[in-house]
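Single-structure report; data block below.
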Amino acid sequence: MTGRTMYPFNAIVGQDEMKLALILNIINPGIAGVLIRGEKGTAKSTAVRALADILPLIEVVKGCPYQMSRAGDPGVCRDCYNTGCAEEIFDGNGVDVVRRKVRVVELPVSATEDRVVGTMDIEHALSKGEKRFEPGILAAAHRGILYVDEINLLDDHVVDVLLDAAAMGVNTVEREGVSFSHPARFTLVGTMNPEEGELRPQLLDRFGLCVSIEGSRNHAERVEVMERRIAFEDDPEAFCLKWKEESARTAERIESAIKLYPEVNIEREKLFSIATRCMEAGVDGHRGDIITLKTAKTLAAWHGRVHVTDEDIEVAAGLALPHRMRRQPFEEIGKGRRERGYAG
Amino acid sequence: MELHNNRILTEDYLYPFSAIMGQEDMKLALILNAVEPRIGGVLIRGEKGTAKSTAVRALRRLLPDIKVIRGCPCLCDPGSPLHACTQCAEKIRTGKYIENAYMKAPLVTLPLNATEEMVTGSLDMEFAMRKGQRRFQPGLLARVNRGILYIDEVNLLDDHLVDIILDVASSGVNIVEREGLSYLHPSRFILVGTMNPEEGPLRPQLLDRFGLCVEVGGEGDLDSRVRLMEMRESYDNNPVEFAARYLDEDNVIAERIRRAGERLKGVVFPQRLLGLVSEICLQNNVAGHRADMAVKYAARALAAYEGRSAVTAGDINRVAGMAILHRRRDALPPSGHDDPDRRDDAGDRDDQKERWQNGSVDSNDMRSQTHENGEDRGGEGNRMEEDHQGGPPDPESRSEEDEPSGVTEQVFEPGRTSRVQSITQEKDRLVRRGSGRRTRTRTTQKAGRYVKSIHSDKYPDIAIDATIRAAAPHQRRRKKESGMAISIRRDDIRRKIREKRIGNFLVFMVDASGSMGAKARMIATKGAILSLLLDAYQKRDRVAMVTFRQRKAVVNLQPTASVELAVRQLGEMPVGGRTPLSAGLLKGYELLRVHLRKDPSSRPIAIIVTDGRANVSMDTRLSPSEEAIRMAAEMSGEKRVKYVVIDTEEKSVVRFGLAARLAAALGAEHFSFNNLVAGDIVSIVRRSI
């Protein structure tokens with residue numbers, strides 16, 4: 080996609096929990112994102128950017144600024160000036176649909192609200208004297224991954240906008256002469272360094288999963304990290320080529336998990352086990368239950384199974400619940416769950 | 212169809228109302244409002260993930276049809292020509308033919324970041340460009356007339372929008388006088404808001420606007436939780452089919468609402484029950500008469516919804532709680548939260564001002580007030596009630612639990628934290644920058660939220676939309692520049708006005724030397740920092756702490772907004788040894804300077820806790836106290852910092868008054884304490900801001 084060569088996803092040493100959480104989100108966007116908490120230099124951003132490597136394909140109307148899968152949505156397409164779709168449909172012609180990879184759209188911490196939600200197209204207004212909506216980052220992120228690095232440093236009013244869109248799946252704009260709304264359902268991926276302050280509870284809750292990562296304490300692993308990094312920097316192309324096959328395998332496995340997911344079933348009894356866990360953990364509301372269930376099912380699909388096992392639930396709960404427990408204000412997120420290992 | 216411009220997308224796939232599990236109060240409150248709009252709306256408060264927004268969005272399908280004047284963007288009612296908008300009034304006056312149309316009552320979402328002119332309506336720019344005439348383009352308040360105005364996260368709504376909403380909600384009319392336009396249209400709507408109290412409280416005036424208020428929580432029993440998961444999965448797997456399955460049930464409710472609306476006029480409210488309503492309201496000490504009215508309307512709507520022709524005492528009892536919950540002044544203590552110390556910032560400026568004036572004349576008074584609150588909840592109960600779900604839990608019990616075993620004598624746990632009153636500056640005209648939520652301020656940076664525009668040619672932050680609107684009516688007369696459709700002149704230029712909240716920056720400089728009282732002082736200071744940080748939880752303040760002892764000063768707490776981090780860092784802090792006062796001042800000053808460099812327009816506060824008895828100097832040529840005074844004099848040159856000296860010198864026969872001298876050199880306020888407790892510091896800081 081971009082000219083720059085990305086560090087391959089599979090070449091990231093360790094951090095299995097983070098990688099798993101990301102993969103589960105790709106398989107099932109319903110999990111609603113992952114928050115990656117960790118100190119500096121733990122490959123947080125690298126991992127997210129590297130996702131481009133293994134993302135699946137989706138169908139998108141060609142050139143559609145809102146990433147719609149089909150043209151003709153009365154809410155969006157009628158007011159969309161950005162493509163010729165509407166005329167094509169009126170003329171009875173079909174619109175071109177292309178297959179492209181799911182996108183990772185990055186929201187920079189310094190992004191202005193206008194850029195995020197979209198705004199009036201100034202150029203058009205000045206040259207034609209007409210109003211039209213210029214879509215922002217939220218439109219670009221529809222059906223994709225919205226990545227916010229250092230999300231805890233995001234300006235408050237941009238957070239409000241994100242919350243709104245994440246809650247509704249719709250971006251409603253009533254600004255600067257523009258009144259418009261378009262779908263904005265995205266997988267929110269955020270990274271943060273907890274030393275720089277916590278997230279607002281409301282935003283925290285929007286993340287389906289949460290993983291806390293730290294640098295490896297294993298000597299051999301640390302050496303491995305250095306070696307790979309140097310190899311990559313010396314010759315990125317060659318390095319990626321070496322990992323190409325493995326990336327392709329992961330991408331393939333993701334594709335088949337996506338296909339398998341609808342068939343995954345779970346015994347009712349296991350639902351009770353999820354509910355019990357959530358109640359014991361004292362999570363607010365029901366999002367914890369729902370996300371745990373989805374995550375467990377996705378895990379089963381990832382492992383090529385159609386039945387959810389107890390282990391799936393165990394792992395899913397470990398990913399979906401730590402940031403939802405009712406916390407005393409002085410407690411750290413994810414305290415006391417580090418010992419639980421990665422069971423993938 | 213042009214009326215549905217802003218309709219919610221993918222409406223057919225919305226989670227159906229009748230498929231929402233439990234939450235009976237919330238569903239009933241919404242239904243009653245759909246039956247009888249005069250109830251005045253509903254505020255839904257509750258934790259995350261409790262189907263708040265889902266329910267409101269699903270409500271749209273249940274709304275009854277309304278009769279409107281065809282083509283009227285303000286959805287004027289043909290039945291009440293006296294309240295028609297300017298355009299319809301003109302039509303009626305001139306005897307033009309008026310055609311009726313039917314449509315579903317609208318449900319309009321007010322996004323938190325809406326700009327003023329989109330809400331009130333503004334000049335129709337395209338029309339002005341083409342015709343050179345001014346025409347009103349209706350805003351959100353027109354589209355929502357006779358429908359539901361939905362505000363998600365209503366407690367986060369910017370003040371300028373809250374003011375507009377309050378104004379229109381009370382008058383039922385939106386009067387627009389802007390951009391050379393004069394327009395009036397009815398705007399009566401049911402206000403529906405959802406909020407999570409964790410994110411901060413709601414302004415009381417706005418709170419009172421909501422006819423009813425319900426609290427929602429998660430389902431307690433396993434069976435419902437499991438059932439809920441199953442429903443949700445089934446919906447996610449196939450939303451269309453799921454919605455179709457519940458269509459009938461939704462239709463039944465919709466029909467009941469419609470019928471109840473028709474029956475409403477005929478429902479009798481027995482005279483004897485009026486007494487019951489006022490008795491309930493009096494007993495709960497609610498303010499004003501809005502609660503009485505809400506109870507009456509809601510009880511009648513309930514009777515109508517249940518197909519009865521007269522209101523019963525049961526109806527009143529069913530709805531009274533919802534009408535009173537948020538207005539109650541003399542509430543029972545909320546269960547599970549018996550923390551007398553915690554007072555909650557209900558956010559009302561006036562209220563604050565009042566408490567200020569009564570409360571914090573001096574710190575002794577403060578303390579006694581704290582005490583009183585502990586015993587007598589009267590007057591505070593409702594504030595606690597309002598927020599009891601969300602805020603940080605009792606800090607006191609925590610600090611006790613946290614007591615690690617085997618602490619050395621030199622390290623002290625943070626002292627009792629004490630409740631924090633709201634610290635808010637009055638909004639001023641000074642422009643600042645920053646990110647936080649404590650103080651709202653206008654900003655010059657291009658980063659705040661664009662709230663409205665003013666006429667100006669001085670600043671670079673041009674509000675292009677407003678500028679074009681200003682220029683639009685003149686376009687036909689002006690000569691076009693080549694290639695441009697619009698010619699803009701200097702006096703068309705409008706500048707954006709942005710608003711954002713900034714957090715405060717507090718630096719504590721604490722004497723940790725071995726001189727008398729260090730232990731108590733340390734405990735009190737740590738307690739104060741934690742109290743302020745707990746309060747800052749919702750407000751994005753940053754706090755730093757410097758201590759000085761032995762030969763040097765250390766930054767114990769780097770500027771942080773993280774309570775967790777502060778607790779960890781404050782935990783280990785030894786005291787004892789000599790007093791390098793000047794080094795401490797220098798260290799603190801460095802922090803302040805760094806902060807000011809990043810944010811030159813901020814007004815940080817420095818709190819210096821010491822007895823002033825310096826006995827170590829940085830430069831051996833100067834005496835320690837002389838050095839400290841000189842240092843202080845230099846620091847006083849930085850006028851942007853507000854200094855506060857808390858003097859901890861023992862009350863004894865011999866007093867040196869060194870801290871007082873220091874305060875004088877700094878130009879600081881000086882407070883003297885014998886037995887310092889956290890509450891004292893907190894109240895001082897509060898007064899200083």
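Chains A and B are the protein sequences, given in the same order.
Under this note's numbering, the letters of the first sequence match residues 80 to 423, in that order.
Under this note's numbering, the letters of the second sequence match residues 212 to 900, in that order.
Glycine residues also receive a C-beta, built at the ideal position from the N, C-alpha and C atoms.
Check the Cβ of residue i against every Cβ in chain A and list those closer than 7 Å, keeping chain order.
| i | result |
| --- | --- |
| residue 325 of chain B | 253, 254 |
| residue 201 of chain B | As shown, chain B starts at 212 and ends at 900. That puts residue 201 of chain B outside it, with no answer to give. |
| residue 367 of chain B | 239 |
| residue 676 of chain B | 199, 255, 256 |
| residue 429 of chain B | 363, 364, 365 |
| residue 697 of chain B | 205, 208 |
| residue 679 of chain B | 204 |
| residue 340 of chain B | 208 |
At 8 Å on the CB atoms, spell out the chain B contacts of residue i, in chain order.
| i | result |
| --- | --- |
| residue 281 of chain A | 259, 364, 407, 409, 410 |
| residue 91 of chain A | By Cβ distance, chain B contributes nothing, its closest Cβ being about 28 Å from residue 91 of chain A, past 8 Å. |
| residue 368 of chain A | 436, 439, 440 |
| residue 386 of chain A | Result: empty, since nearest Cβ-Cβ is about 15 Å, beyond 8 Å. |
| residue 109 of chain A | 447 |
| residue 402 of chain A | The premise fails here: residue 402 of chain A is roughly 11 Å from chain B at the closest Cβ pair, so nothing lies under 8 Å. |
Given that residue i touches chain A, what residues does it touch there, using C-beta distances under 8 Å?
| i | result |
| --- | --- |
| residue 927 of chain B | The question about residue 927 of chain B has no answer here: the residues shown for chain B are numbered 212 through 900. |
Taking Cβ-Cβ distances shorter than 9 Å, what residues in chain A pair up with residue i?
| i | result |
| --- | --- |
| residue 264 of chain B | 246, 247 |
| residue 336 of chain B | 204, 208, 209, 210, 256 |
Please list, in chain order, the chain B residues whose beta carbon lies closer than 7 Å to that of residue i.
| i | result |
| --- | --- |
| residue 372 of chain A | 440, 444 |
| residue 242 of chain A | 364 |
| residue 284 of chain A | 259, 260 |
At 9 Å on the CB atoms, spell out the chain B contacts of residue i, in chain order.
| i | result |
| --- | --- |
| residue 341 of chain A | 448 |
| residue 298 of chain A | Ordered by position in chain B, no residue passes the 9 Å Cβ test against residue 298 of chain A, which lies about 27 Å from the chain. |
Throw me the rounded Cβ distance for the residue i and residue j pair, which I believe falls under 8 Å.
| i | j | result |
| --- | --- | --- |
| residue 824 of chain B | residue 859 of chain B | Residue 824 of chain B to residue 859 of chain B, Cβ: 10 Å. No contact. |
| residue 124 of chain A | residue 266 of chain A | 16 Å between Cβ atoms; not a contact. |
| residue 233 of chain B | residue 364 of chain B | The pair is not a contact, with the Cβ atoms about 22 Å apart (cut-off 8 Å). |
> Between the stretch 357-376 of chain B and the stretch 324-338 of chain B, are three or more C-beta pairs nearer than 8 Å?
Replying inline: yes
> Along the stretch 433-453 of chain B, what residues have a CB closer than 8 Å to any CB found in chain A?
Replying inline: 433, 436, 437, 439, 440, 441, 443, 444, 447, 448
> If contact means a Cβ-Cβ distance below 8 Å, which residues of the stretch 296-330 of chain B contact chain A?
Replying inline: 320, 321, 322, 323, 324, 325, 326, 328, 329, 330
>> Against chain B, which members of the stretch 343-356 of chain A pass a CB distance test of less than 9 Å?
In response: 345, 347, 350, 351, 353, 354, 355
>> Just to confirm the assignment: which complete alpha helix (DSSP H) runs, minimum length 4, are found wholly within the stretch 172-227 of chain A?
In response: 192-196, 201-207, 216-220
>> Assess contact between the stretch 508-522 of chain B and the stretch 471-479 of chain B, defined as three or more Cβ pairs (one per stretch) separated by less than 8 Å. Is contact present?
In response: yes
>> Does the stretch 305-325 of chain B come into contact with the stretch 384-397 of chain B, if we say contact requires no fewer than three beta-carbon pairs (one atom in each stretch) closer than 8 Å?
In response: no
>> Tell me whether the stretch 343-350 of chain A and the stretch 406-421 of chain B touch, counting them as touching only if at least three CB pairs, one residue from each stretch, are closer than 8 Å.
In response: no
> If you scan the stretch 279-344 of chain A from start to end, which runs of the beta strand (DSSP E) of 3 or more residues do you find wholly inside it?
Replying inline: 288-292
> Residue ranges of each alpha helix (DSSP H) run of no fewer than 4 residues wholly in the stretch 363-431 of chain B, ordered along the chain?
Replying inline: 370-382, 415-420
> Taking three-plus beta-carbon pairs below 8 Å as touching, is the stretch 359-378 of chain A in contact with the stretch 392-401 of chain A?
Replying inline: yes
> When you check each C-beta in the stretch 196-229 of chain A against every C-beta of chain B, which residues fall closer than 8 Å?
Replying inline: 196, 199, 201, 204, 205, 206, 207, 208, 209, 210
>> Can you confirm whether the stretch 833-843 of chain B touches the stretch 801-809 of chain B when touching is taken to mean that 3 or more C-beta pairs between the two stretches lie within less than 8 Å?
In response: no
>> At 4 residues or longer, what runs of the alpha helix (DSSP H) sit wholly inside the stretch 354-378 of chain A?
In response: none
> Does the count of Cβ pairs from the stretch 96-106 of chain A and the stretch 288-304 of chain A closer than 8 Å reach three?
Replying inline: yes
>> Contact between the stretch 222-242 of chain B and the stretch 319-330 of chain A is defined here as three or more beta-carbon pairs at a separation below 8 Å; is this criterion met?
In response: no
> Is the stretch 327-341 of chain B touching the stretch 350-368 of chain B, taking contact as three or more C-beta pairs under 8 Å?
Replying inline: yes
>> List, from N- to C-terminal side, the alpha helix (DSSP H) runs of 4 residues or more that fit wholly inside the stretch 466-494 of chain B.
In response: 482-494
> Per the contact definition of three or more C-beta pairs closer than 8 Å, is the stretch 247-260 of chain A in contact with the stretch 208-228 of chain A?
Replying inline: yes
>> Going residue by residue through the stretch 263-307 of chain B, where are the continuous beta strand (DSSP E) segments of at least 3 residues, counting only ones entirely within it?
In response: 276-280
> Mind pulling the beta strand (DSSP E) runs of 3 or more residues that sit fully within the stretch 233-259 of chain B?
Replying inline: 253-257
>> Using a Cβ distance threshold of 8 Å, determine whether the stretch 252-267 of chain B contacts the stretch 278-291 of chain B, with at least three qualifying pairs required.
In response: no
>> Three or more C-beta pairs under 8 Å: does that hold for the stretch 137-149 of chain A against the stretch 336-346 of chain A?
In response: no
> With a cut-off of 8 Å, do at least 3 Cβ pairs link the stretch 300-310 of chain B to the stretch 263-279 of chain B?
Replying inline: no
> Would the stretch 395-407 of chain B and the stretch 247-254 of chain B be scored as touching if the rule is three or more Cβ pairs under 8 Å?
Replying inline: yes
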